[in-house]
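Chains as they are written, first to last, in this note's numbering: chain A, 123 to 362; chain B, 123 to 362.
For every residue, glycine included, the Cβ atom is placed at its ideal position computed from N, Cα and C.
The structure appears below as structure tokens.
Number of protein chains: 2
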Amino acid sequence: MANRFVEKLCRFVQLSPEEMAALEEATARPRPFGPHRDLIREGDRPGPVLVMLEGWALRYKVLPGGGRQIVAFLMPGDACDLHVNLLAEMDHSIQTITNAQVATIPGEIMEKMMAQPGIARAMYISQLVDEGTLRAWIVSMGRRSSVERIAHLLLELYRRAADVGLAAGDTMALPLSQAVLADAVGMTSVHVNRMLQELRRSGAVTLQRGVLNICNPAALTRLAGFDENYLHRSRRSVFS
Amino acid sequence: MANRFVEKLCRFVQLSPEEMAALEEATARPRPFGPHRDLIREGDRPGPVLVMLEGWALRYKVLPGGGRQIVAFLMPGDACDLHVNLLAEMDHSIQTITNAQVATIPGEIMEKMMAQPGIARAMYISQLVDEGTLRAWIVSMGRRSSVERIAHLLLELYRRAADVGLAAGDTMALPLSQAVLADAVGMTSVHVNRMLQELRRSGAVTLQRGVLNICNPAALTRLAGFDENYLHRSRRSVFS
DNA sequence: CGGAAGATTGAGAGTTCTCAATGCCTGTGG
DNA sequence: CCACAGGCATTGAGAACTCTCAATCTTCCG
């Protein structure tokens, strides 16, 4: 039974048994981390490639004034940037949100694996998707109202989670406090709270005690102006 | 005399003469484009790698409501995503801003070139920098005030331009209307106008008739909370 | 039961947008 | 060389959105 990382890459590319085995082997011995632990900090020299096997993490940058902006969420199956080791230092930090199991793939192993075409292809696609996601976030921050922005984020997380088997029907575990959501969408936790209430009232989504429930997918998708094209999912929509 | 694309890659990696020659050759026959021409549209099947040799372009997405959000600026020397051809379709569009000369590198040639370690390394670094830039934009949109946001963008563009020889002292040609700036920073052109006035009044920058003048680099950097680390420039700051 | 973290509420202050009118500059045709 | 059209840039004023700053609830745990 493949782990979520392998499972995710398989969605992009048909991997050979040897390739899957190599990926499995490379991530077979994850390390446990508690919540709110920095895995790597801005300014650090990049190390091995990190792979989230269990638990959630986030990428963030802090501003001179002390503010924090989250620039990405990492859920089980997600890997941190291929090739970062080409850079002299990290331009952002990565921190766990929950308890987590993260595997670490040393550069040499990574290099060896990238010689296998399927793996290389899958990793490249995965990176392009991450980039598309960054662009989608910029669009949200720049041109969507706060309700739409939150709706968009929730839908994105739901879709990604569903793809790695983390959603059950229209429900999933979402371990993000309103303060964390606020740092991701560029708002105040107070305002996130009110917008979440609005969404709840509208009957589109519900997010309480760490469980997200997409009550009305169609309405939510319309409201958020959500077009999943940037996730480059090969399969058909989860909802259809 | 190397073109700006080669010049830019050389900033990241020491290329061998053969590598430089290959890059030169691959971009030796650019095509001219007029202003406001889509080079590729969201939904299109990705084609060859594009390289801007002269003129500016932008990446953008349009929303259901009709709004437009710019997610990146391309200036001479910049290339569009390596590997995009792995995706079934573009998740955003690219359009020229000014008259432009853009070269086109077919997949097979690109592949052949990537076999040369220096070129591969430079292209990967370049992609990581683009990604870092996307993250920096997210931070700006989420956590910076509108003046800071504009100041940050102007500084970024100035630094990047300076790196490819497009700045003269503290001055550069910036062919962006206030409406374009607005679509990039997620504001209204009316508000961009007012914030630009504020910057002008403060004596930090000036942007008039297409010329940007960084009057007080230190003050501007402080105001914008600008940390160039995400550009991963190997050389020392232009200002120091 | 006591504490701590996270979720909610209220009210007033600030920021940014909307809408519409006006001003400025440039290239073109007469 | 001048008038005119079109594209930008600028202004004003009121409306809409978000934030700030507390204060109050709830929930989760030891």
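key: Within 8 Å, strictly: CB atoms of residue 127 (chain A) and residue 201 (chain A)   = yes
key: Stretch pair the stretch 187 to 202 of chain B + the stretch 276 to 289 of chain B: three plus CB contacts closer than 8 Å   = yes
task = Count the C-beta pairs between the stretch 148 to 159 of chain A and the stretch 246 to 253 of chain A that are closer than 8 Å, then say yes if the count reaches three, no if not.
result = no
ask   = The beta strand (DSSP E) spanning residue 155 (chain A) covers which residue range?
value = 153 to 155
key: Start and end residues, beta strand (DSSP E) containing residue 329 (chain B)   = 327 to 330
ask   = Does the separation of the CB atoms of residue 170 (chain A) and residue 229 (chain A) fall below 8 Å?
value = yes
query = In chain A, what lies closer than 7 Å to residue 265 (chain B) by C-beta?
reply = 185, 189, 191 and 308
query = Does the distance from the C-beta atom of residue 174 (chain A) to that of residue 222 (chain A) stay below 8 Å?
reply = yes
query = For residue 214 (chain A) versus residue 167 (chain A), is the C-beta spacing smaller than 8 Å?
reply = no
ask   = Along chain B, which residues have their Cβ under 9 Å away from the Cβ of residue 210 (chain A)?
value = 354 and 356
query = For the 8 Å Cβ check, are there 3 or more pairs between the stretch 338 to 358 of chain B and the stretch 312 to 329 of chain B?
reply = yes
key: CA nearest to the CA of residue 176 (chain A), picked from A:191, A:268, A:304 and A:297   = A:297
ask   = DSSP state of residue 286 (chain B), grouped into three classes?
value = coil
inquiry  = Tell me the rounded alpha-carbon separation between residue 321 (chain B) and residue 183 (chain B).
reply    = 28 Å
Contiguous alpha helix (DSSP H) assignments of at least 4 residues, all confined to the stretch 161 to 220 of chain B = none
task = Report, in whole angstroms, the separation of the C-beta atoms of residue 245 (chain B) and residue 275 (chain B), which I expect to be a contact under 8 Å.
result = Actually they do not touch by this definition, with Cβ atoms about 25 Å apart.
query = So, does the CB of residue 138 (chain A) fall closer than 8 Å to a CB anywhere in chain B?
reply = no
ask   = Name the DSSP beta bridge partners of residue 335 (chain A), please?
value = A:293 and A:328
Interface partners of residue 250 (chain B) on chain A, CB under 8 Å = 203, 205, 206, 208 and 209
inquiry  = If contact is defined by three or more beta carbon pairs under 8 Å, each pair taking one atom from either stretch, is the stretch 300 to 320 of chain A in contact with the stretch 187 to 194 of chain A?
reply    = yes
query = If you draw a straight line from the C-alpha of residue 186 (chain A) to the C-alpha of residue 134 (chain B), how long is it?
reply = 27 Å
inquiry  = Can you list, in chain order, the residues of its chain with a C-beta nearer than 7 Å to that of residue 179 (chain A)? Leave out the 5 residues immediately preceding and following it.
reply    = 161, 196, 216, 217, 218, 219 and 222
key: N- and C-terminal bounds of the beta strand (DSSP E) containing residue 302 (chain B)   = No beta strand (DSSP E) holds residue 302 (chain B); the alpha helix (DSSP H) holding it covers 300 to 307.
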